[in-house]
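First the structure, in the form of structure tokens, and then the observations on it.
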Amino acid sequence: MRKNLFGTDGIRGPVGNQPLTQQSLIRLGNALGQWVIQFHGENKTILIGHDTRKSCSFIKAALHTGLLLNPITIYDAQVLPTPTVSQLVQKTDLFACGIIISASHNPHQDNGIKLITKHGKLGEEDETMLTELFYENEKNKIHYNHLGTQESWPDGQRLYSAHVASFFEPNFLRGITVALDCAHGATYKIAPSLFKQFGAYTHVINRHPNGTNINHECGSVYPEQLQKEVIKHNADAGFAFDGDGDRVIAVNKNGEVKNGDDILALLLAHSNYKKQSALVGTCITNYGFERFLQQHDKKLIRAAVGDKYVVQKLYEHDLLLGGEQSGHIIMRDYLDSGDGIFTALRVLQTMIQTSNWTMNSFTTYPQVQINIPIYEKKDLSKEPIASIIATHKTRLPDGRLVVRYSGTENVLRIMVEDTDATHAEFLAHDLSHALQNQL
Numbered sequence: 008m009r010k011n012l013f014g015t016d017g018i019r020g021p022v023g024n025q026p027l028t029q030q031s032l033i034r035l036g037n038a039l040g041q042w043v044i045q046f047h048g049e050n051k052t053i054l055i056g057h058d059t060r061k062s063c064s065f066i067k068a069a070l071h072t073g074l075l076l077n078p079i080t081i082y083d084a085q086v087l088p089t090p091t092v093s094q095l096v097q098k099t100d101l102f103a104c105g106i107i108i109s110a111s112h113n114p115h116q117d118n119g120i121k122l123i124t125k126h127g128k129l130g131e132e133d134e135t136m137l138t139e140l141f142y143e144n145e146k147n148k149i150h151y152n153h154l155g156t157q158e159s160w161p162d163g164q165r166l167y168s169a170h171v172a173s174f175f176e177p178n179f180l181r182g183i184t185v186a187l188d189c190a191h192g193a194t195y196k197i198a199p200s201l202f203k204q205f206g207a208y209t210h211v212i213n214r215h216p217n218g219t220n221i222n223h224e225c226g227s228v229y230p231e232q233l234q235k236e237v238i239k240h241n242a243d244a245g246f247a248f249d250g251d252g253d254r255v256i257a258v259n260k261n262g263e264v265k266n267g268d269d270i271l272a273l274l275l276a277h278s279n280y281k282k283q284s285a286l287v288g289t290c291i292t293n294y295g296f297e298r299f300l301q302q303h304d305k306k307l308i309r310a311a312v313g314d315k316y317v318v319q320k321l322y323e324h325d326l327l328l329g330g331e332q333s334g335h336i337i338m339r340d341y342l343d344s345g346d347g348i349f350t351a352l353r354v355l356q357t358m359i360q361t362s363n364w365t366m367n368s369f370t371t372y373p374q375v376q377i378n379i380p381i382y383e384k385k386d387l388s389k390e391p392i393a394s395i396i397a398t399h400k401t402r403l404p405d406g407r408l409v410v411r412y413s414g415t416e417n418v419l420r421i422m423v424e425d426t427d428a429t430h431a432e433f434l435a436h437d438l439s440h441a442l443q444n445q446l
């Protein structure tokens, strides 16, 4: 059986491991070129952007080699956030699809490939087609009759900024002080530029990428530096992006971290979303937020973890707003994928509309999350693992337990939520210890 190349967010893993090897990337590039020619009509142009990892040059060169075996045109935009590529593909007629070379919030040793079509992230049907083409190229002879072309394309930041600007009043941030953590990643130029364009006073940290410092103890996964920066400069708010800029975590003026649940709660007060009867979260979304929604006669629809599953539920229920605790926020009136920069700007717009500068909206339930490194993904429904999980669930009459494999890293994730923080902490570690003996 042929292994699917794609996880919950494209292809991702350590560079040098399959399929992120030179030969496999060339085959993948060839498959992508064939796929564009077969299924994208007259438009045979591909936009490529990437984050700031050292390995992006290696991956891009190998992909280009395979892509150019086909009569297509590649536009190389260099460093661009993932949502910038998404917006340029979905909101213009310039490109058949987009390729993003990034591993998002992962450390610099990892990298990955995300694909964007006119309809958003790649669907399962297209993933299957590309996987089949990839394996077929292993045995097919390469033909050099119709080679493609490659061009540099410097217009990405300008076009993206113009589109974002159309959603906000000019200088709407005048007089507001904002701290930004760019994680030494893809937002390091474009985020400070946009916030200044809207009139904000900005204090920016982690904006000097060197190829290996992306996400290193900074950005959305490590907001501690941003907390200090907000307090130091008496900022009105702070925002930490991840390596490719599709997620954001906020810090309020008091230096308190606000995750995706808090951001969604605030955005519900925005004029575009206050009439929505429901929004989409995930199995990790805090139960305190769900109770907050119930008190406001609104419903929480839970999706599997992964922004593409949130998007599916948004379309299924014809809703505009959804997201993940990790900071992937989807506003379908703007784009059907997460955009950390746009989310931060809309959060500030909502703060101005509501005067809620603390982002305090609901009381969270104590929640403990533990990651267990793994070498293989054993079936969680098989014994004795299933019984271990079931037994621990019975010890949570007033709480929730979620055990799942990460779609982007080799870890098993445990989430325990309970009214009693001490009990949640104890149960999470007890379950972690029990499962480690079986994994």
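Yeah, the sequence shown ends on 446 if you go by the numbering used here, and it's all consecutive. Built from N, CA and C at the ideal position, the CB exists for glycine as well.
Buried or exposed: where does residue i fall if 16 or more other Cβ atoms within 10 Å of its Cβ makes it buried?
i, result
"R34", "buried"
"D386", "exposed"
"Q332", "buried"
"C63", "buried"
"R181", "exposed"
"P471", "The requested residue 471 does not occur in the structure, where the chain is confined to residues 8 to 446."
"P391", "exposed"
"A2", "Residue 2 cannot be examined here, being either before or after the span of the chain that is shown, 8 to 446."
"Y195", "buried"
"F46", "exposed"
"L154", "exposed"
"T80", "buried"
With a CB to CB cut of under 8 angstroms and the five nearest residues on each side skipped, what residues in its chain are close to residue i?
i, result
"I212", "A186, L187, D188, C189, C225, Q232, L233 and E236"
"G414", "G14, T15, D16, V312 and G313"
"W160", "L54, Y82, D83 and A84"
Measure the alpha-carbon distance for residue i versus residue j and round it to whole angstroms.
i, j, result
"A244", "N367", "13 angstroms"
"D249", "V228", "7 angstroms"
"D346", "P199", "15 angstroms"
"D100", "R411", "39 angstroms"
"L32", "L321", "33 angstroms"
"L438", "V255", "30 angstroms"
"D117", "S173", "35 angstroms"
"H126", "V318", "11 angstroms"
"S168", "G23", "35 angstroms"
"H150", "E139", "19 angstroms"
"E323", "V287", "10 angstroms"
"H112", "G192", "9 angstroms"
Ends of the alpha helix (DSSP H) at residue i?
i, result
"P90", "T89 to K98"
"Y294", "Y294 to Q302"
"E131", "E131 to E143"
"I33", "Q29 to F46"
"E424", "Element bounds for E424: not the alpha helix (DSSP H) but the beta strand (DSSP E), V418 to E424."
"Q319", "D314 to E323"
"A84", "Element bounds for A84: not the alpha helix (DSSP H) but the beta strand (DSSP E), T80 to V86."
How would you write the range of the beta strand (DSSP E) that residue i sits in, first residue to last?
i, result
"S159", "T156 to S159"
"G182", "Per DSSP, G182 belongs to no beta strand (DSSP E) and is neither H nor E."
"R60", "Per DSSP, R60 belongs to no beta strand (DSSP E) and is neither H nor E."
"H210", "Y208 to I212"
"P380", "Q374 to P380"
"P21", "I18 to P21"
DSSP on residue i, reduced to helix/strand/coil?
i, result
"M358", "helix"
"E176", "coil"
"C290", "coil"
"F433", "helix"
"Y229", "coil"
"A276", "coil"
"F202", "helix"
"D249", "coil"
"D188", "strand"
For residue i, which residues in the same chain have their Cβ closer than 7 angstroms to its Cβ, ignoring the five residues on either side in sequence?
i, result
"N261", "T365"
"K98", "H170"
"E263", "none"
"K306", "S284, A285 and L300"
"K281", "L275"
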